[in-house]
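Let me begin by presenting the structure, written as structure tokens, before commenting on it.
In the numbering used here, the protein residues as written are 159 to 409.
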């Protein structure tokens with residue numbers, strides 16, 4: 159039995175806790191005030207158990223209106239924490255992966271029952287919220303440049319903290335136990351090979367990043383390359399790298 163506390167999220171709290179399906183893996187929700195909600199589910203696919211501690215009732219609003227993004231924001235904002243500080247977050251991801259199939263089955267069942275079921279209703283609220291936000295900031299040319307600026311003009315130094323020296327932002331192609339740079343160069347090589355680029359081609363790269371692919375493809379094939387970016391920070395670094403490589407004629 160759930161004891162309702164008006165200070166702990168009200169309706170969103172009930173909605174979130176009610177949406178924990180019976181077939182989901184076991185997990186516990188520990189709220190400030192010594193209220194513990196335990197959810198036991200099917201252990202055939204995942205025997206893990208996580209204990210989530212709620213510090214701020216905003217957690218429930220974020221989950222109800224923004225679903226998985228709300229969960230991420232709640233964790234970043236300190237609204238929730240895991241009793242297992244080392245493995246809690248990792249175990250949550252493993253549980254979510256293991257429960258994908260069961261959640262898919264539940265979603266189909268809820269669709270047959272109607273839109274008002276807790277899972278569909280909560281998802282609908284989140285979707286409507288994001289639709290309204292998106293509609294209110296239509297992506298004009300001016301707005302597009304503003305969006306890019308907010309993301310990529312944070313400084314090249316910031317991106318360098320988590321990217322390798324090629325400053326490549328898209329997903330790498332890894333083999334086991336190897337450096338990020340090696341994996342990124344493999345990705346570039348794979349793209350060049352699959353596109354069958356040669357010296358007779360002219361490559362147009364929309365969203366060219368910091369210029370590493372430009373240098374790699376021109377060095378390997380001798381083609382001509384044109385890159386487009388809305389980021390001034392990216393452009394400055396890309397132009398410097400191209401100049402240092404002596405490839406201004408082809409890029």
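Built from N, CA and C at the ideal position, the CB exists for glycine as well. Everything numeric in this text was worked out from a predicted model, so none of it was measured.
Given 8 Å, three or more beta-carbon pairs between the segment 337-356 and the segment 370-382: Touching, yes.
Exposure of residue 210, with buried meaning 16 or more beta-carbon neighbours within 10 Å: The residue given as residue 210 occupies position 52 in the chain shown. When all chains shown are included, residue 210 counts as buried.
Residue 400 classed as buried or exposed, judged by whether at least 16 other C-beta atoms fall within 10 angstroms: By one-based count along the chain shown, residue 400 stands at place 242. Classification for residue 400: buried.
Stretch pair the segment 313-323 + the segment 348-365: three plus CB contacts closer than 8 Å: no
Contact set for residue 217: own chain, Cβ-Cβ below 6 Å, skip 5 residues either direction: Here residue 217 refers to the residue found at position 59 when the chain shown is read from its first residue. Hits under 6 Å: 232, 237, 238.
Counted within 10 angstroms of its Cβ, other Cβ atoms place residue 324 as buried (16 or more) or exposed: Here residue 324 refers to the residue found at position 166 when the chain shown is read from its first residue. Its Cβ being crowded by 16 or more others within 10 Å, residue 324 is buried.
Burial state of residue 409, where buried means 16 or more other Cβ atoms lie within 10 Å: Against the chain shown, residue 409 aligns to sequence position 251. Classification of residue 409: buried, given that the 10 Å Cβ count is 16 or more.
Proximal residues to residue 322 (C-beta, below 8 Å), its chain only, five neighbours per side dropped: One-based indexing of the chain shown puts residue 322 at position 164. Correct list, in chain order: 337, 338, 339, 342.
Cα-Cα separation between residue 328 and residue 248, rounded to whole angstroms: Position 170 of the chain shown, counting from 1, holds the residue named residue 328. Position 90 of the chain shown, counting from 1, holds the residue named residue 248. Going by the C-alpha atoms only, they are around 23 Å apart.
Member of 230, 300, 207 whose CA lies at the smallest distance from the CA of residue 388: In the chain shown, residue 388 corresponds to position 230, counting from 1. Checking every option, the nearest Cα to that of residue 388 belongs to 300.
Sequence-distant residues of its chain with Cβ nearer than 7 Å to residue 206 (five each side left out): Counting from 1 along the chain shown, the entry for residue 206 is found at position 48. Cβ within range, chain order: 183, 249, 252, 253.
Extent of the continuous beta strand (DSSP E) run through residue 340: Walking along the chain shown from the start, residue 340 turns up at place 182. Segment 338-353 is the alpha helix (DSSP H) holding residue 340; no beta strand (DSSP E) there.
Nearest candidate by alpha-carbon position, reference residue 303, set 391, 397, 407: In the chain shown, residue 303 corresponds to position 145, counting from 1. With distances taken between Cα atoms, residue 303 lies closest to 391.
Residue(s) in a DSSP beta bridge with residue 362: For the purposes of this step, residue 362 is identified with residue 204 of the chain shown, where counting begins at 1. Beta-bridge pairing links residue 362 to 384.
Own chain partners of residue 335 with C-beta closer than 6 Å, once the 5 adjacent residues on each side are dropped: Position 177 of the chain shown, counted from the start, is the residue given in the question as residue 335. There are no such residues.
Complete alpha helix (DSSP H) runs within the segment 301-325 (minimum length 4 residues, chain order): Annotation: the segment 301-325 contains the following complete segments of the alpha helix (DSSP H) (minimum length 4 residues), in chain order: 314-318.
Runs of beta strand (DSSP E) lying entirely within the segment 216-247, each at least 3 residues, in chain order: 238-240
Residues of its chain near residue 306, where Cβ-Cβ distance is below 7 Å and the 5 sequence neighbours each way are ignored: Taking the chain shown and counting its residues from 1, one reaches residue 306 at position 148. So the list reads 388, 389, once near-sequence residues are dropped.
Coarse secondary structure for residue 335, derived from DSSP in three states: Taking the first residue of the chain shown as 1, we reach residue 335 at position 177. Coil, per DSSP.
Under the three-state DSSP convention, the category residue 405 falls into: Taking the chain shown and counting its residues from 1, one reaches residue 405 at position 247. Reduced to three states, the DSSP call for residue 405 is coil.
Distance between residue 384 and residue 397 (C-alpha atoms, nearest Å): What you label residue 397 is simply residue 239 of the chain shown in a count that begins at 1. What you label residue 384 is simply residue 226 of the chain shown in a count that begins at 1. Going by the C-alpha atoms only, they are around 12 Å apart.
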